[in-house]
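From first to last, the protein sequence lines stand for chains A and B. All residue numbers for the first sequence refer to this note's numbering, where the first residue is 1 and numbers rise by one. All residue numbers for the second sequence refer to this note's numbering, where the first residue is 1001 and numbers rise by one. All residues carry an ideal CB built from backbone N, CA and C; glycine is no exception. Have a look at the structure below, then the notes.
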Amino acid sequence: GQSLEQPSEVTAVEGAIVQINCTYQTSGFYGLSWYQQHDGGAPTFLSYNALDGLEETGRFSSFLSRSDSYGYLLLQELQMKDSASYFCAVRDHKDSNYQLIWGAGTKLIIKP
Amino acid sequence: GAGVSQSPSNKVTEKGKDVELRCDPISGHTALYWYRQSLGQGLEFLIYFQGNSAPDKSGLPSDRFSAERTGGSVSTLTIQRTQQEDSAVYLCASSTRAAGQGDTQYFGPGTRLTVL
């Protein structure tokens, strides 16, 4: 079967750094995406890794290791507004179409 | 430009009634997805439309659920004979398959369905 594993909840302190891990087991792999969802809101795109290595976008970075079927999202200088759920998603190929396979999400709790 | 829109934003219905949820994707996006999300849970894939291809209905939980996409644009998700376990937020997303964009999905605000 296909699955993505990520911690259900992570707690961190304002101003600190936090890493949210994602391991995947899928039939195919064409990239790893991260999405953020605030309570009551819709998921919004954060980052995408197709190749191994680190992608940086401001305070957020995302890393991928295809040989380890592993990636992570790194959030630096945490702010209270970063409190949200974070989803990893693998881009896979099925019946001539690309699709995203989603993890269950990690709830990030930030304490002052 | 305009994002993905969904209507209604909230829908309260009685058990056994039919409901229709509407999604208006971003203009030019060829792919359209429907997801369901229960409170505090992840995204549950329901159905996927890509251009003129036959939709991928593999995520529909029962034959009470159906969806169509007219003219490659607006989509309607229909739930017949609603049950209390159908209560959830129904999210629609659209994407373009332009190279290098990693199939980024743009989500609408969702429809919160409550079945009494």
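>> Please give the ranges of any alpha helix (DSSP H) in the segment 64-99 of chain A, keeping only runs that are unbroken, at least 4 residues long and fully inside the region.
In response: none
>> With a threshold of 6 Å on Cβ separation, who are the neighbours of G1051 of chain B within its own chain once the five nearest residues in sequence on each side are excluded?
In response: T1030
> Using the beta-carbon of each residue, which ones in chain B are nearer than 8 Å to F45 of chain A?
Replying inline: T1104, Q1105, Y1106
> Once you ignore the five residues that flank S62 of chain A on each side, which residues in its own chain have a CB closer than 6 Å to its CB?
Replying inline: W34, S47, N49, E55, L73
>> Quick check on the burial criterion: 16 or more other C-beta atoms within 10 angstroms. Buried or exposed for S8 of chain A?
In response: exposed
> Using DSSP with H/G/I as helix, E/B as strand and the rest coil, what is E9 of chain A?
Replying inline: strand
>> If you reduce the DSSP assignment to three classes, tell me which class E1085 of chain B lands in.
In response: helix
> Between the C-alpha atoms of Y24 of chain A and S65 of chain A, what's the straight-line distance to the nearest angstrom?
Replying inline: 11 Å
> So Q2 of chain A and S27 of chain A are in contact, right, with Cβ under 8 Å, and what is the actual spacing, rounded?
Replying inline: 6 Å
> Which residue or residues does DSSP assign as beta-bridge partners of D1024 of chain B?
Replying inline: B:S1005
>> Taking its Cβ as the centre, do 16 or more other Cβ atoms sit within 10 Å of A42 of chain A, making it buried, or is it exposed?
In response: buried
> What are the boundary residues of the beta strand (DSSP E) that includes K1011 of chain B?
Replying inline: 1010-1013
> Given a threshold of 16 other Cβ atoms within 10 Å of its Cβ, counted over all protein chains shown, does A1099 of chain B qualify as buried or as exposed?
Replying inline: In this prediction, A1099 of chain B has a pLDDT of 48, which is less than 50 and means its spatial position is unreliable; what the coordinates show is noted afterwards. That one is exposed.
> What does P1109 of chain B touch in chain A if you count any residue whose Cβ is under 9 Å from its own?
Replying inline: G41, A42
> Grouping DSSP H, G and I as helix and E and B as strand, with all else coil, what is E1044 of chain B?
Replying inline: strand
> Taking the continuous beta strand (DSSP E) assigned at I109 of chain A, which residues delimit it?
Replying inline: 106-111
>> Against chain B, which members of the segment 15-38 of chain A pass a CB distance test of less than 7 Å?
In response: G31, S33
>> Tell me which residues share the same chain as N1010 of chain B and place their Cβ nearer than 6 Å to its Cβ, disregarding the 5 neighbours each side in the sequence.
In response: R1112
> How long is the line joining the alpha carbons of L108 of chain A and L1043 of chain B, rounded to whole angstroms?
Replying inline: 17 Å
> Roughly how many angstroms lie between the CA atoms of T106 of chain A and S1038 of chain B, to the nearest whole one?
Replying inline: 15 Å
> Can you tell me whether DSSP reads A16 of chain A as helix, strand or coil?
Replying inline: coil
> Fully enclosed by the segment 1051-1084 of chain B, which beta strand (DSSP E) runs are 3 residues long or longer?
Replying inline: 1065-1069, 1075-1079
>> Tell me which residues share the same chain as G1003 of chain B and place their Cβ nearer than 8 Å to its Cβ, disregarding the 5 neighbours each side in the sequence.
In response: I1026, Y1106, G1108
> Which residues, in chain order, does the segment 1041-1068 of chain B contribute to contact with chain A at a C-beta distance below 8 Å?
Replying inline: Q1041, G1042, L1043, F1045, Y1048, Q1050, S1053, D1056
>> DSSP three-state label for L1118 of chain B, please.
In response: Examination of residue 1118 of chain B is not possible in this model, given that chain B is present from 1001 through 1116 alone.
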